[in-house]
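J.: Here the UniProt record's numbering is used: the first residue of the sequence shown is 1, the next is one more, and so on.
Where a beta carbon is used, it is the ideal one built from N, C-alpha and C, also for glycine.
Fair warning: this is a prediction, and the values are worked out from it, not measured in the lab.
A single structure is presented below for examination.
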Amino acid sequence: MKNTLLRSLTSVAVLSVLAGLGGCVIIASNDDAHIHTAFDIGKGVTGNGDIVREGRQLAAADALEVNGPISVQVRMGAVNSLEVEADSNLLPLVKTEVRDGVLKLRLDGSVSNSRALRVIYTTTSLREITVNGSGSVDAAALQNETLAVSVNASGSVRLEGAGNNLDLRSRGSGSIDASGYRPQRANVKMSASGAITLGQINAAQLSAEIRGSGSFKASGNVRQLTASLHGSGSADLRGLTAESAELFSYGSGSISAAVTRSLEAQAVSSGSIKVYGNPQQSKVSGRNVQILG
């Protein structure tokens, strides 16, 4: 009797504390109380190790949006198709839908799988890639008039191919590796601590705006280069040669680039700009601007 009373009093005390914290409680029996709270959420469904691949119907889509920890492989092909690879008990949790021409991928709840969830997406054209969260996209053999890529949080995107206009945006700690992509024009915008890489480009124009501590790297040749830093970020463009360049550092960030014809450079505060080559015309302000020849 005394033990039963003690257990009851203990349960009441625990319930009182949990109620104050907003918990949810389930009692299985008087003798064996099992308490489940909101703090148990997040463990997710564990994959059973039985890896299967499932084909799914797909409406026309030329844009991709990845939400959550899903790995996507993009292929170019004559027809659109979609395959999902995961533990058999997790397949129903991988949601795929097309809305307004955008293929949206997400997980219905939290999962703990034995290997990364993988989606193989074959498309005839692709104009936009968006990654929200920790997902990843690997896209090869792209041929685009215009391609826009946005990575939010810690996701990653890798690109191979060529196109006319490339727009890259990073918000968070994620990365975009476009070292295998050849655009005619590229526009880069970054905030926070992400990383973006462009390879051996041969372009008419390259524009980069970096806010925060992000890093941008590019190589190749461009006719017109514009780069501005706001914060502690960096633009490593030593492997890039520009005919004309406008370079601005408004914080503690650093820019390095090679310029041959026309240069305008301004370093405010503790930021630094290093220019390689001997530009024919130059307009420079700030003590931390160096023309190294």
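As a quick exercise: from 186, 255, 156, pick the residue whose alpha carbon is nearest that of residue 132.
T.: 156
J.: Starting from residue 143 and walking both ways along the beta strand (DSSP E), at which residues does that stretch end?
T.: 136-152
J.: Relative to the C-alpha of residue 271, which residue among 263, 192, 254, 258 is closest?
T.: 254
J.: Output needed for residue 287: all residues of its chain with C-beta closer than 6 Å, excluding positions within five of it in sequence on either side, in chain order.
T.: None.
J.: Which of the three DSSP states, helix, strand or coil, is assigned to residue 183?
T.: strand
J.: Excluding the 5 residues flanking residue 103 on each side, which residues of the same chain have their C-beta closer than 6 Å to its C-beta?
T.: 61, 64
J.: Tell me the rounded alpha-carbon separation between residue 257 and residue 98.
T.: 43 Å
J.: Determine the direct distance from the alpha carbon of residue 276 to that of residue 293, and round the result to whole angstroms.
T.: 5 Å
J.: Between residue 147 and residue 127, how many whole angstroms is the CB-CB distance? I'm expecting something under 8 Å.
T.: 6 Å
J.: Among residues of its own chain, excluding the 5 on either side of residue 281, which ones have a beta-carbon nearer than 8 Å to its beta-carbon?
T.: Excluding positions up to five away in sequence, the list reads 261, 262, 263.
J.: Going by beta-carbon coordinates alone, are residue 247 and residue 222 separated by less than 8 Å?
T.: no
J.: Just the C-alpha distance for residue 227 and residue 284, rounded to the nearest angstrom, thanks.
T.: 14 Å
J.: Helix, strand or coil: which one does DSSP assign to residue 159?
T.: strand
J.: Residues in its own chain within less than 6 Å of residue 53 by CB, not counting five upstream and five downstream?
T.: 83, 85
J.: I need the straight-line Cα distance from residue 80 to residue 119, nearest angstrom please.
T.: 13 Å
J.: State buried or exposed for residue 144, treating a residue as buried only when at least 16 other CB atoms are found within 10 Å of its CB.
T.: Under a 10 Å Cβ-count criterion, residue 144 is classified as buried, with 16 or more other Cβ atoms of the shown protein chains found around its own Cβ.
J.: Can you tell me which of 214, 109, 243, 224 puts its alpha carbon nearest to the alpha carbon of residue 231?
T.: 214
J.: May I ask which residues mark the beginning and end of the beta strand (DSSP E) holding residue 280?
T.: Segment: none, residue 280 is in no beta strand (DSSP E) and carries neither H nor E.
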